[in-house]
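J.: Provided herewith is a single structure, encoded as structure tokens, for subsequent inquiry.
Residue numbers (this note's numbering): 20 to 478.
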């Protein structure tokens, strides 16, 4: 009897510990789940104009966001997410701004914010030749094997990820600046804006480049971050932010509660949240990929341009100059564009951005970026042992598990790319005259895809 009591008490204590752990996890994780779901349902519905049933099945169909309930309210253009009725989070849609999660500020305060976004020119882009417009006459050079090229496109459109559909939504190939292949999944087309995720970081890096060209910022100077004055962080440079070597204690882990998920789904001022984190490493000594660094860069752009000019600056100084008229940046609750994660544009407009870097920052004869900006962008920093990262762009560096191999072993070493969560990618391969784009829900075997594209070029 005594042994039975001991065993019963043991299991009772174990059950209690499990319950405590469950409550603790729910307290931390449920707001992230409901916030993620509310934000992404809102943008997919109000910005991409997709059906809620498709969004639930594809974008919100995986564990743990599948536990959430997401309610679209057409009256106030919002989505409210919750998990088992708990941890409610609301995302609101504002025309021209996309969707924003309500965090730290009230909904009324956020809705009162004013953004002056420049108008899009009223012209028929389908009558203007690519790349300025969207008039496309696909002419595949004789050096391209059409059969192999189409096979590569077909393979990526039907690719799988861990035995499940990867949901490739768009594939677009530029050769020598011209579109030679373009294909979309059912429900998507050339006018559908795609979520860039961390492609946004590369856009942010380009905007920093514009301000460097205007001599308003200096990569080698200490980053102008108010929270860092008179602290151990005050010598962190703009270049260290660009190269992800700030040393801030920021964990980029999307599998559960971490700095990145707390920042994106719980914080109203994402840059301030990151800036106030402690140092984990001496700045400049360790490469540590961080969405927080990119949002600090985004707020630096805001502070540098000034409140009256900030909202319009990305469009007037960069996106509209390269005819990226579909591009949309979404702000956080504080009004700073989420430079790490939330940009939307058509595949063709993202291709224009890739083409800008392919052409060394020049568009239609105009120097948009500093003369050496692209060259500096693709230089890995000494702290990055695998040589995989530059100025908010990834490089074809070396595999961490096998340093004798490239990250993409079947792709030329000069390839660099803007990479977003789930396989949103703009690959720029100057030696092969290629800019390759793929947008989808889940990551694929990217080396295989690029290898097949390259094999179709038979010069």
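Just so you know, even glycine gets a beta-carbon here, dropped at the ideal spot from N, CA and C. All figures in this text were calculated on a predicted structure; none of them were measured in a lab.
Do residue 373 and residue 319 have their CB atoms nearer than 8 Å?
T.: The residue you call residue 373 lines up with position 354 of the chain shown. The residue you call residue 319 lines up with position 300 of the chain shown. No.
J.: To which residues of the same chain is residue 356 closer than 6 Å at the C-beta, ignoring the five residues directly before and after it?
T.: On the chain shown, residue 356 is found 337 positions in, with the first residue counted as 1. These residues qualify, in order along the chain: 317, 348 and 350.
J.: Do you know whose CA, among 377, 389, 441 and 367, lies nearest residue 152's CA?
T.: Taking the chain shown and counting its residues from 1, the one referred to as residue 152 is at position 133. Of the listed residues, the one whose Cα sits closest to residue 152 is 367.
J.: Can you tell me the Cα-Cα spacing of residue 458 and residue 245, whole angstroms?
T.: For the purposes of this step, residue 458 is taken as the residue at position 439 of the chain shown. For the purposes of this step, residue 245 is taken as the residue at position 226 of the chain shown. Rounded to the nearest angstrom, the two C-alpha atoms are 37 Å apart.
J.: Just to confirm, are residue 340 and residue 392 a CB contact at a threshold of 8 Å?
T.: As a working mapping, residue 340 is identified with position 321 in the chain shown. As a working mapping, residue 392 is identified with position 373 in the chain shown. No, Cβ-Cβ distance for residue 340 and residue 392 is not below 8 Å.
J.: By a C-beta neighbour count over all protein chains shown, 10 Å radius and 16 as the cutoff for buried, is residue 85 buried or exposed?
T.: Residue 85 sits at position 66 when you count from the first residue of the chain shown. Residue 85 is exposed by the Cβ-count criterion.
J.: Any chance the region 166-184 sits against the region 216-227, with 3 or more Cβ pairs inside 8 Å?
T.: no
J.: Compare the beta carbon distance of residue 222 and residue 323 with 8 Å and say whether it is the shorter of the two.
T.: In the chain shown, residue 222 corresponds to position 203, counting from 1. In the chain shown, residue 323 corresponds to position 304, counting from 1. Contact: no.
J.: Given a cut-off of 8 Å on the beta-carbon distance, is the pair residue 256 and residue 239 in contact?
T.: Taking the chain shown and counting its residues from 1, one reaches residue 256 at position 237. Taking the chain shown and counting its residues from 1, one reaches residue 239 at position 220. Contact: yes.
J.: Report the rounded CA-to-CA distance for residue 439 versus residue 23, giving the unit in angstroms.
T.: Reading the chain shown from its first residue, position 420 is the one you call residue 439. Reading the chain shown from its first residue, position 4 is the one you call residue 23. In a straight line, the C-alpha of residue 439 is about 55 Å away from that of residue 23.
J.: Would you report the Cα separation of residue 233 and residue 388, rounded to the nearest angstrom?
T.: Start at 1 with the first residue of the chain shown, and residue 233 comes out as number 214. Start at 1 with the first residue of the chain shown, and residue 388 comes out as number 369. Rounded to the nearest angstrom, the two C-alpha atoms are 9 Å apart.
J.: Please say whether residue 294 and residue 315 have beta carbons closer to each other than 8 Å?
T.: The residue given as residue 315 occupies position 296 in the chain shown. The residue given as residue 294 occupies position 275 in the chain shown. A contact, by the Cβ cut-off of 8 Å.
J.: Leaving out five residues on either side along the sequence, give the residues of the same chain with a beta carbon under 8 Å from the beta carbon of residue 79.
T.: Here residue 79 is taken as the residue at index 60 of the chain shown, counted from 1. Within the same chain, residue 79 has close Cβ partners 56, 59, 60, 85, 87 and 89.
J.: For my contact list, residue 192 and residue 455 are in at a C-beta cut-off of 8 Å; report their separation, rounded to the angstrom.
T.: Here residue 192 refers to the residue found at position 173 when the chain shown is read from its first residue. Here residue 455 refers to the residue found at position 436 when the chain shown is read from its first residue. Right, the Cβ-Cβ distance comes to about 6 Å (below 8 Å), so this counts as a contact.
J.: In the DSSP assignment, find the unbroken alpha helix (DSSP H) run with residue 474 in it and report its ends.
T.: Along the chain shown, one-based indexing puts residue 474 at 455. Its alpha helix (DSSP H) spans residues 465-474.
J.: Does the distance from the CB of residue 213 to the CB of residue 364 come in under 8 Å?
T.: In the chain shown, residue 213 corresponds to position 194, counting from 1. In the chain shown, residue 364 corresponds to position 345, counting from 1. Contact flag set, yes.
J.: What would DSSP say about residue 231, mapped onto helix, strand or coil?
T.: The residue labelled residue 231 in the question sits at position 212 within the chain shown. It is helical.
J.: Could you tell me which whole alpha helix (DSSP H) segments of length 4 or greater appear in the region 153-219?
T.: Listed in chain order, the complete alpha helix (DSSP H) runs (minimum 4 residues) inside the region 153-219 are 165-176.
J.: On the DSSP bridge assignment, give the partners of residue 413 in chain order.
T.: Mapped onto the chain shown, residue 413 falls at position 394. Paired residue(s): 408 and 436.
J.: Do residue 268 and residue 296 have their C-beta atoms within less than 8 Å of each other?
T.: As a position in the chain shown, residue 268 is number 249, starting the count at 1. As a position in the chain shown, residue 296 is number 277, starting the count at 1. Cβ atoms of residue 268 and residue 296: closer than 8 Å.
J.: Would you call the region 160-172 and the region 132-142 in contact, with 3 or more CB pairs under 8 Å?
T.: With fewer than three CB-CB distances shorter than 8 Å, the region 160-172 does not count as touching the region 132-142.
J.: Taking the C-alpha atoms as reference points, what is the distance between residue 187 and residue 302?
T.: In the chain shown, the residue the question calls residue 187 occupies position 168. In the chain shown, the residue the question calls residue 302 occupies position 283. About 38 Å.
J.: Quick one: what's got a C-beta closer than 6 Å to residue 235's C-beta in the same chain, skipping five residues either side?
T.: Walking along the chain shown from the start, residue 235 turns up at place 216. Only 323 meet the Cβ criterion.
J.: When DSSP labels each residue in this structure, what does residue 263 get in the three-state scheme?
T.: Mapped onto the chain shown, residue 263 falls at position 244. Coil at residue 263, not helix or strand.
J.: Kindly indicate which residue of 126, 190 and 204 has the alpha-carbon position closest to the one of residue 198.
T.: On the chain shown, residue 198 is found 179 positions in, with the first residue counted as 1. Nearest of 126, 190 and 204 to residue 198, Cα basis: 190.
J.: Reducing DSSP to helix, strand and coil, say where residue 103 ends up.
T.: As a working note, residue 103 is residue 84 in the chain shown. Residue 103 falls in the coil class under three-state DSSP.
J.: What's the C-alpha gap between residue 462 and residue 183?
T.: As a first step, residue 462 is located in the chain shown; it is residue number 443 there, counting from the start. As a first step, residue 183 is located in the chain shown; it is residue number 164 there, counting from the start. Those two C-alpha atoms are separated by around 11 Å.
J.: In the DSSP assignment, what are the bridge partners of residue 109?
T.: Within the chain shown, the letter at position 90 stands for residue 109. Paired residues: 99.
J.: On the DSSP bridge assignment, give the partners of residue 362 in chain order.
T.: Looking up residue 362 in the chain shown gives position 343. Beta-bridge pairing links residue 362 to 348.
J.: Among residues of its own chain, excluding the 5 on either side of residue 376, which ones have a beta-carbon nearer than 6 Å to its beta-carbon?
T.: In the chain shown, the residue the question calls residue 376 occupies position 357. Closer than 6 Å at the Cβ level, and outside the excluded window around residue 376, lie 393 and 447.
J.: Can the beta-carbon of residue 150 be found closer than 8 Å to that of residue 104?
T.: Indexing the chain shown from 1 puts residue 150 at position 131. Indexing the chain shown from 1 puts residue 104 at position 85. Not closer than 8 Å, so no.
J.: According to DSSP, simplified to helix, strand and coil, what is residue 443?
T.: Sequence index remark: in the chain shown, residue 443 carries index 424 (1-based). It is a strand residue.
J.: Among residues of its own chain, excluding the 5 on either side of residue 332, which ones have a beta-carbon nearer than 6 Å to its beta-carbon?
T.: Numbered from 1 along the chain shown, position 313 holds the residue referred to as residue 332. Closer than 6 Å at the Cβ level, and outside the excluded window around residue 332, lie 324.
J.: Out of 204, 96, 136 and 237, which has the shortest C-alpha to C-alpha gap to residue 120?
T.: Position 101 of the chain shown, counting from 1, holds the residue named residue 120. Of the listed residues, the one whose Cα sits closest to residue 120 is 96.
J.: Do you know how far the Cα of residue 379 is from the Cα of residue 261?
T.: Here residue 261 is taken as the residue at index 242 of the chain shown, counted from 1. Here residue 379 is taken as the residue at index 360 of the chain shown, counted from 1. Taking the straight line joining both Cα atoms gives about 18 Å.
J.: According to DSSP, simplified to helix, strand and coil, what is residue 43?
T.: Working through the chain shown from its first residue, we reach residue 43 at position 24. Here the model assigns residue 43 a pLDDT of 49, short of 50, so the residue's position is not dependable, and the following value carries that caveat. If DSSP states are grouped into helix, strand and coil, residue 43 belongs with the helices.
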